[in-house]
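A.B. asks:
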Amino acid sequence: MKTLSKSLLQAALASAILLSSVTFAADIDQSADANDVAIKGYDPVSYFTASEPQQGSDTYTATYKNAIYKFTSAENRDAFRANPTKYAPQFGGFCALGTAMGKKFETDPLAWKIVDHKLYLNLNSDIQSRWLGDIPGYIKEANSTWVDIQHKTPEELE
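Using this note's numbering, read the sequence shown as starting at 1 and increasing by one per residue.
(1) Start and end of the alpha helix (DSSP H) containing A71?
(2) Just the C-alpha distance for L18 and R81, rounded to the nearest angstrom, thanks.
(3) Excluding sequence positions up to five away, which residues of its chain have a Cβ less than 6 Å from the Cβ of S125?
(4) Checking 8 Å against the spacing of the C-beta atoms, do D84 and L121 come in under that value?
(5) Which one of Q54, L119, K113, G93 has the shortest CA to CA distance from S31?
(6) DSSP puts I114 in a beta bridge; with which residues?
(7) Please state whether DSSP places I139 in a helix, a strand or coil.
Right, dumping it as structure tokens:
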């Protein structure tokens, strides 16, 4: 795995500190805000069907692993309910690069990429730029690391 530059690592660590002040009521392996809303209310199905993230609505929601997902339509909600693992972001919605580093960082829903029909999110566009430099390597590392960190809180990983 490539080494993060000092400034990128500092940004990731700063976000981890901010993240530690957020209360998570959803399952420990899901990134959600204090109200249990996942991916800041963006519709996970829209990444696949509209080829861009779209803000979901309080009208159309579904719960997965105790996190609340919002959708732009009943069709998207129903597609998610039928196969949540197809649409839910990888690593519980935590940053894909952070997961490769053994951390759980919050994500920016606009820093995303679909790889092999799976949705990956990153902390921000700067971290995503780094992640894009070695997607296969970071995914391989994150898949391996996720097994060990999945059931730990972000604070336990500091």
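Note that CB positions come from ideal geometry on N, CA and C, so glycine has one too.
C.D. replies: Here's the rundown:
(1) Note on residue identity: the sequence assigns Phe, not Ala, to residue 71. Counting along the chain, F71 falls outside any alpha helix (DSSP H), though it belongs to the beta strand (DSSP E) covering 67–71.
(2) Because the pLDDT at L18 is just 47, under 50, the model does not fix this residue reliably, and the point stays unresolved.
(3) Result list for S125: A111, in chain order.
(4) As written in the sequence, residue 84 is Pro, which differs from the Asp given in the question. Contact flag unset, no.
(5) G93
(6) L119
(7) helix
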